[in-house]
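S.K.:
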Amino acid sequence: MKVVSLQDLKKIKEETESRMKLRNEGSLETGSETCGIEKGTEHIQILTCGGTGCKASDSAAIVDRMQECLEQFGVADKVEVITTGCFGFCEKGPIVKIMPDNTFYTKVKPEDAVEIVKEHVIGGRRVQRLLYVDPETNQPVSDSAHMNFYRKQVRIALRNCGLIDPENINEYVARDGYSALADCLLSKTPAEVIDVVKRSGLRGRGGAGFPTGNKWEFASKSQSDIKYVVCNADEGDPGAFMDRSIMEGDPNSIIEAMAICGYAIGAKYGLIYVRAEYPLAIHRLQTAISQAHELGLLGDNILGTDFCFDITIRYGAGAFVCGEETALIHSMEGKRGEPTLKPPFPAVEGYKKYPTNVNNVETWANIPVIFQKGAEWFASIGTEKSKGTKVFALAGKINNVGLIEVPMGTTLREVIYEIGGGIKDGKQFKAVQTGGPSGGCLTEKHLDIPIDYESLAAAGSMMGSGGMIVMDEDNCMVQVARFYLGFIVEESCGKCSPCRIGNKRMLEILDKIVAGKGTVEDLAKLEELALVIKDTALCGLGQTSPNPVLSTLSNFRDEYMEHVVEKKCRAKQCTSMLSYEIIPDKCVGCHLCANNCPVDAISGELRKPHSIDQTKCIKCGTCMGNCRLHAISLK
Amino acid sequence: MEQNKINLTIDNRPVSVEKGTTILDAAKSCGIEIPTLCHINLEGTCVNNHPASCRMCVVEVAGRRNLAPACATACMEGMEVHTNSLRVLNARRVILELILSNHPHDCLICPKSGNCELQTLAKKLKIHEAPYEGGEKSCHPVDKSVSIVRDMNKCILCRRCETMCNDVQTVGAIGATGRGFDTTVGPAFGLKLSESECTYCGQCVAVCPVGALTEVDNTGKLIRDLANPEKVVIVQTAPAVRVAIGEEFGYPAGTIVTGKLVSALKKLGFDYVFDTDFAADLTIMEEGTELLDRLQRFLSGDKSVKLPILTSCCPAWVNFFEHQFPDMLDIPSTARSPQQMFGSIAKTYWAEKMGIPREKLVVVSVMPCLAKKYECGRDEFKVNGNPDVDYSISTRELAALIKEANMDLASFEDSDFDAPLGASTGASVIFGATGGVMEAALRTAYEVYTGKTLEKVDFTAVRGLEGIRQADIDLDGFTLKVGIAHGLGNARRMLEDIRSGKSQFHAIEIMACPGGCIGGGGQPLHHGNVEILNARQKAVYVEDMNKPLRKSHENPYIKQLYEEFLGKPLSEKAHHLLHTNYFNKAD
């Protein structure tokens, strides 16, 4: 069936309503009453996370086992198993949710399926051992609404992730999907559409935070018969998976948004540039595109209007720099993925020299909601200059690793301690890295700054695309800077000299420092190089590449100084500066350490304290691991 | 007019420039030279490389967060530019130190020493220390083809060569591969140049600012042969050499030094100094006759005749169509290039006359070209493994050799080429510039076709530096449509039009290098100065004017050659010695 009018869209929504009823936002608040076939529940849905993370933990097998059990117990006609996108709480995955009672099961294994079906789905009794246990109260929590991880979140971009079946466009439509496109096409002029986006205050979620409405306006003003709308899905920050989750969990939101933009700027063609390492995201996008085609929501004369729009997918080979829009465009053109100088901006001269508007996945995902709920509603969320929410991939030494979405203006402390549940193993917080390899490391003193573009930049970091990595006392900040710089050196396209050679030289200096051979002059050299690279590199990647070094140099200078002056690494990460020593009082001379030492660095008479020859020791730590009496210390 | 003017200040000096002018050009207009490395702009030859990647030209623009590359930043109204602030000077120094940190410091033995833009810049910025000593350096094997040596360890990734090879020449033999610190420029998959589509046009060498791309140096071989009493060593010099080699000895561009060049060659010890121009006249006889033959057959309705006829003097162009247009191998003239015609005649006609056995005779050519090194090694130009032309040296190599022998071109009196292979007409001299071969052919074709005397020999319609030119030439009632292209990118466009049937020419001249041979890959480096090409071109036509004879068929020694040896143009003997065939190199 082709959707040619608003009525057709509404009809799909109504038809799918019964499926979606169980998952309505209202039912998310369901309290203690559990559902169960034996309790008379007529219709139950089992939602299983089908994101890449949970799939890696065998969530597809959970779905299969569930289905088998349902059939085995003869309840398959009343119970549906639905694969959704990511729920976000990846630390506890695979996640399984039972609807309508909104029970949230964590770390589910395929073998748990039979118990969930038998006990809960049929018997109406929750499987207690699979429930999330609140670390503070030590009490099981049955639904996400009562978990700290979710409580402070506001899910706009992630609104459908973990809720709908991303491979069923009707479920998206039932969640008011494509109503924004219909609204734009049927009752707004392109200028009005751009005006809504401008008024919403939405800024680019890819990192730089350029006002999206202005970007659209530039592209709309470029005169050309052919224009392109591009979705930048070349997510590449280490540990970041915001865009992947949106593509996997709610691909239609991107398609709808791109079509809206196409209408606004006068483009008929959309391109999604996605890295080939995201096969599931690609599959879901392909499915969504073909379903949208079947419904006539892509293609010619969309919703009975003159507007025609089509989307094709382009695969990236995984170069980080291709997230930079000019490099991305070159890559799509089949050229080497290298940035070129702006101006000309893509809005004037982009893909194949035609005006092109490039937005990031998360930016796109916000667009339909802005039209559904209004620019003013969106602008009411967040801070004065940063509107709406931001998705972060929370990772590192934090209890609740996962994908979160918070209103702009939320503090880092709220994210780390409330949503993130604090530092793992009760250790001391040391730093939080935002903005990926281009960002910076912030410290305790920055924890109360609100998360928005300006505040993070003022603190020496940046919003970036949403990586947030938490570090504790065991992280050596020189090593952290070295890690990020190593990433940049690996990912630099090699075009401009400051980035190509400068970052390599900086990395060599850091290598020298962690090897215990650094000098105070090296720190000055590092700083000079960093500032020149920032000042002269060609593209955004190069210009921000020294940020991890600059921010650690400024916030953790004492640690650098310890490395170069005292040759000491307080986090005990720089092995060159460490020595394994045997505590004579504790050593009983069992010889176990010596037997296991791969380089014969340990000697001593049996039953007498042994000693380690530091000139031979390779600092592998095998001795320490083998000593049962904790007689070996690391200094 | 005034609305299009942009007013700004550069180093506190008010400047007014056209809209779209870069800061670099605006600064140049008021005498401020901002250092550059990657940028090169050859106006009029469509060569403009400004990737803004070396970042040497960064300047401070008031109100801008970071420094701006002057080569690629357009002037804006009210802009306040500082080209020598402390911030700028420091950044430039650090960037140059970085570039030098990944560049070998073996300038003493580098072929580019003294002519290296990086060296000049290091001197200018007074870099006397290597602050990143001990850091990793790029490590790539040196790739030596018969014409070009690639030492990518010296490459600074200005990517001029890549622009030349891809955008200007559309050959696509080299491009950037790898990324980050490992980035290098070369053929795909790490292949050697000899395994790529390289035409050896040498334009990459001509624009390389450092010693990463250089020619194969044959002067060592030459010195050994000159010193060998068993050998008779003769030399031929191409038309474009005489208008350019003076530059290496301090003469202004475009100075004609033919006589001094001959003296220097004799002084160097060549037994006979001949002229490729002689063979150029011979080329016109063969190629011109072939044109008229094809034309007459075509006009009489012979469907098997292919038109247009394409010139085949340029070896890079021959390589280009063998690689890129293998379906059109029957269109170019079968006439060998002047270099090869010379070698063939020298080792047969002349050697027999002089009683010199082939194996004792060494034929050397001095060429503005690097592809000539490849051409003389082609199997079809060898007799029992002995090449007609033993080897070729470039204009630059000859200049270096003269200097090595403690000689200065300026100190020589003029001498004449030796007879008989040194005699030439004005028609042959203009082979050095784009359009010249066509013009020379027209001078002869007109008289042969019409049987009348051509009074006005200057066909100015075919001259110039425009990439693709066309002209209708009246041959006494018959309109001959001719086309001219220089630069392989223009050649490609022309060829594609022929293939699609869009273009209707009778004859086309193609030269691989911008400007023709005067801009060849073996010429003194022009460092991006298009004025040098203009001056050389002008000189070529002056030399033509100075010649008493200006039509190839009037060359008395050419007439003698046909009478004594070849018979007539396109004779069986001429076919055997002066013509060739082409190979499909696409696979």
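Protein sequence lines, in the order shown, are assigned to chains R and U. Read left to right, the first sequence gives residues 1 to 635 (the numbering used here). Read left to right, the second sequence gives residues 1 to 587 (the numbering used here). The C-beta atom is built at its ideal place from N, Cα and C for all residues, glycine as well.
1. Which residues, in order along the segment 479-491 of chain R, keep a beta-carbon less than 9 Å from a beta-carbon of chain U?
2. Taking S53/U as the query, report the chain R residues whose CB atoms sit under 8 Å from its CB, ordered along the chain.
3. At the level of alpha carbons, what is the spacing between Q203/U and P344/R?
4. Only counting runs of 3 or more residues, tell me where the beta strand (DSSP E) segments fall wholly within the segment 59-136 of chain U, in order along the chain.
5. State yes or no: is the C-beta of K154/U within less than 8 Å of the C-beta of P104/U?
6. May I ask you to verify whether the segment 521-539 of chain R touches the segment 443-458 of chain R, counting CB pairs closer than 8 Å and requiring at least 3?
7. Chain U partners of E528/R, CB-CB under 9 Å?
8. Would you please state the rounded distance, in angstroms, between the beta carbons of E248/R and T52/R? I believe it to be under 8 Å.
9. Among the residues of its own chain, which have a CB less than 6 Å from the CB of R413/R, if the five just before and after it don't count?
10. Name the chain R residues whose beta carbon is nearer than 8 Å to that of T183/U?
11. Do H563/R and V489/R have their CB atoms nearer than 8 Å?
12. What residue range is occupied by the uninterrupted alpha helix (DSSP H) comprising R19/R?
13. So Q72/R is in the beta strand (DSSP E); what residue range does that whole segment cover?
14. Among N319/U, R93/U, G178/U and I23/U, which has the Cα closest to the Cα of F189/U?
15. I think I558/U touches D281/U, with their Cβ atoms under 8 Å apart; what is that distance to the nearest whole Å?
16. Take Y449/U and list the residues in its own chain whose beta-carbon comes closer than 7 Å to its own, dropping the five residues that flank it on each side.
17. Could you name the residues of the same chain whose beta carbon sits closer than 6 Å to that of T258/U, not counting the 5 residues immediately before and after it, in chain order?
18. If the criterion is Cβ atoms closer than 8 Å, does the pair R631/U and H579/U meet it?
19. Does R505/R have its Cβ less than 8 Å from a Cβ in chain U?
20. Cβ atoms of V216/U and S113/U: under 8 Å apart, would you say?
21. Helix, strand or coil, according to DSSP, for L394/R in the structure here?
22. If you measure from the beta carbon of R336/R to each beta carbon in chain U, is any gap under 8 Å?
23. R150/U and L213/U: beta carbons closer than 8 Å?
24. For the candidate residues A174/R, N24/R, F378/R and T356/R, whose alpha-carbon lies nearest to that of K13/R?
25. Going along the chain, which residues of its own chain have a beta-carbon closer than 7 Å to the beta-carbon of N148/R, five neighbours each way excluded?
26. Anything in the segment 69-90 of chain U with a Cβ closer than 9 Å to a Cβ of chain R? List those residues in chain order, please.
27. Within the chosen definition, does the segment 374-388 of chain R reach the segment 402-411 of chain R through at least 3 CB pairs nearer than 8 Å?
28. Using a C-beta cutoff of 8 Å, does E167/R count as contacting chain C?
29. Determine, using beta carbons only, whether K227/R comes closer than 8 Å to chain U.
30. Under 9 Å between beta-carbons, which chain U residues line up against E508/R? List them in chain order, please.
31. Unbroken beta strand (DSSP E) runs of length 3 or more, entirely within the segment 441-507 of chain R: which are they?
32. Need the endpoints of the alpha helix (DSSP H) that I393/U sits in, please.
33. Please specify which runs of the beta strand (DSSP E), each continuous and at least 3 residues long, are wholly inside the segment 251-291 of chain U, giving them in chain order.
34. Between which two residues does the beta strand (DSSP E) holding Y228/R run?
35. Going along the chain, which residues of its own chain have a beta-carbon closer than 6 Å to the beta-carbon of V262/U, five neighbours each way excluded?
36. For G20/U, which residues in the same chain have their Cβ closer than 7 Å to its Cβ, ignoring the five residues on either side in sequence?
M.R.: Looking at the coordinates:
1. I488, V489, E490 and E491
2. K495, C496, S497 and L538
3. 28 Å
4. 80-82
5. yes
6. no
7. N90 and V94
8. 7 Å
9. L447 and D448
10. C493, G494, K495 and R500
11. no
12. L6 to K21
13. Premise fails: Q72/R lies in the alpha helix (DSSP H), S59 to Q72, not in any beta strand (DSSP E).
14. G178/U
15. 5 Å
16. L292 and L475
17. R242
18. Past the boundaries of the shown model lies residue 631/U; chain U is included only from 1 to 587, so the question cannot be answered.
19. yes
20. no
21. strand
22. yes
23. yes
24. A174/R
25. E418, I419 and G421
26. P69, A72, T73, A74, R87 and N90
27. yes
28. The structure shown has no chain C; the protein chains it does contain are R and U.
29. no
30. Y132, G134, G135 and E136
31. 467-472
32. That residue, I393/U, is in no alpha helix (DSSP H); its beta strand (DSSP E) goes Y391 to S394.
33. 272-275
34. Y228 to A233
35. V273, S415 and F417
36. A74
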